[in-house]
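In my numbering, the protein residues as written are 382 to 811.
One structure below.
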Amino acid sequence: MTFSIHTLGCKVNWYESAALSGIFIKNGAVLVSEDEKCDVFCINTCAVTEESVRKSRQMIRRARRKNPDAVIAVCGCASQTEPDFASKLPEADSVSGNKEKTRIYEYVCQFLQTRERIINIPEMDKEKCFENMNSERIGTTRAALKVQDGCNNFCSYCIIPYARGRIRSRDIDDAVREAESLVAGGCREIVLAGIHIDNYGKDIGTYDLTDLLLRLGEIPDLIRVRLGSLEPVFVTEKNIEKIKNIKNLCHQFHLSLQSGCEKTLKAMNRHYTPDEFAAAADLLRRTFSDCSITTDIITGFPGETEEDFLQSLDFAVRMKFAKVHVFPYSERRGTRAASMDGKLPKDIKEDRCRRMIKACAPNEAEFYENLVGKEKYVLFETEKNGIFTGYTPEYAEIRVKCERDIRNLIFPVRIIKGQADHAEGEVILS
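So, in structure tokens, the structure goes:
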């Protein structure tokens, strides 16, 4: 049996697809590229925006056209949240949601025996157990480690709590075991993945994210541990004091801002103010002097006036983020924001997005310019035309020329030039 997997969406989806691939391979199936014909084509869907759902449907239809005789197995957030997803997609032979993704191979085998369509989409809101899906990847430079699922925040624009259910944490010993397995397979950096990783352990009550980081810090040969997206409320004196001396913790912190306007944050049901966000960023910078702080911002949220936007823009510029991911607001059916008054035309949302990107760009360039003359340890990942690209612990993108293959290796690099979105350097070979 040959199979292929197409993944849409976040790091959690990518992690789960890697785990699903491992299940197929363990059962004797052979992974092929999406460009090749295959016996089974899996699509792990996304539902974060209406566009994500559209792309998921489009991919399912494309897979059927390209593989008319294959079993098409669909799972993920789009099939979980869209009530008519399965009925409107006769191309899919097996449709499941976010629960029991580990059973997809079983569903495929069942369909091959009966040729009867399988639809299994249990509700997620009462799900209390974390579903283990070890990825078991070998020879990967950087690997995600899923430690948490679900969200209790219910931001007014977000469908994810409905797609993923309430917070559920992975057993800490099990998480550490997979981390050790990844390191044994050659992994140099682990990225903690989850829907809301700073809520890790809150449903269990005996440990939290800081405890997990301390455990990961004790793994021999695990060179880097990188955090996924954090909420500002995680950044407290108590938490930072516990993790500040972890040697393999990467000093890159992605704090989700979404807006620098207090009125807009309240409408979004975000649980902090701009001042509280700034205090969290200040604490990180005082504790980790070399840290980088990155963020996400939404422009054109319902009710956002030009004055509100300018407040958000001014705040973002003053925060001097190393990188800002800016998105125009995208309405998502099933969320509170979808029924709010004050919706803005597409051109205004996109114009504000462009203005935000332009205003924040000099800060990113300054971040790279400030690296010039310094030596940074870089974990190299890719090569193209003799140029190797890698990342510092602060997630600065570094490019170097080198005659030897340095992929999946860490070398000190002398930074010689800063660019708008990366820096160039010289490898210091011993």
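All C-beta atoms in this analysis are idealised placements derived from N, C-alpha and C, irrespective of residue type, glycine included.
Everything numeric in this text was worked out from a predicted model, so none of it was measured.
Minimum C-alpha distance to residue i - residue among the options
i	options	result
G723	G684, A777, V759 and C423	G684
R438	V452, D465 and P449	D465
I585	I600, E750, S550 and G771	S550
S477	E497, L573, E784 and T426	T426
M737	S673, E622, I768 and D695	D695
M649	E657, N394, Q639 and L526	Q639
F769	D786, Y776, K755 and A777	D786
I548	F658, F492 and K527	K527
G457	C490, Y396, K407 and E487	Y396
D420	L646, K739, I502 and V452	V452
I406	T483, D602, N751 and V557	T483
Element boundaries [beta strand (DSSP E), containing residue i]
i	result
C423	V421 to T426
E778	E778 to K782
S358	Beyond the ends of the chain as shown, which are 382 and 811, falls residue 358; an answer cannot be given.
N394	Counting along the chain, N394 falls outside any beta strand (DSSP E), though it belongs to the alpha helix (DSSP H) covering K392 to K407.
F761	E756 to K765
P743	Counting along the chain, P743 falls outside any beta strand (DSSP E), though it belongs to the alpha helix (DSSP H) covering K727 to E750.
V476	S475 to S477
Residue i burial status per 10 Å Cβ neighbour count (16 or more: buried)
i	result
R605	buried
G409	exposed
K757	buried
P542	buried
R651	buried
Q692	buried
A560	buried
P322	Any question about residue 322 goes unanswered here, given that the chain covers just 382 to 811.
P774	buried
G767	exposed
S811	exposed
L603	buried
Cβ separation of residue i and residue j, assumed to be a contact under 8 angstroms, to the nearest whole Å
i	j	result
R545	G567	30 angstroms between Cβ atoms; not a contact.
A794	V759	For the record, residue 794 in the displayed sequence is Val; it is not Ala. Sure, about 5 angstroms apart at Cβ, within 8 angstroms.
A428	I540	6 angstroms
E745	K704	6 angstroms
V413	T383	5 angstroms
L401	I485	6 angstroms
E472	E512	Actually they do not touch by this definition, with Cβ atoms about 26 angstroms apart.
L664	F634	Contact doesn't hold; Cβ gap of about 10 angstroms is too wide.
L594	I624	5 angstroms
Residues that DSSP places opposite residue i in a beta bridge
i	result
Q529	S550
T686	Beta-bridge pairing links T686 to no other residue.
V808	V794
S673	Q633
G771	F761 and I779
F708	I679
E570	R523 and R605
S385	F422
Delimiting residues of the alpha helix (DSSP H) encompassing residue i
i	result
R607	Where R607 is concerned, there is no enclosing alpha helix (DSSP H), although the beta strand (DSSP E) it sits in stretches over R605 to R607.
N620	E618 to I624
P655	P655 to T668
L593	L590 to L597
I485	I485 to T495
E504	Neither: E504 is in no alpha helix (DSSP H) and is coded neither H nor E.
C821	No answer is possible for residue 821: the residues shown for the chain start at 382 and end at 811.
S640	Here S640 belongs to no alpha helix (DSSP H), and DSSP marks it neither H nor E.
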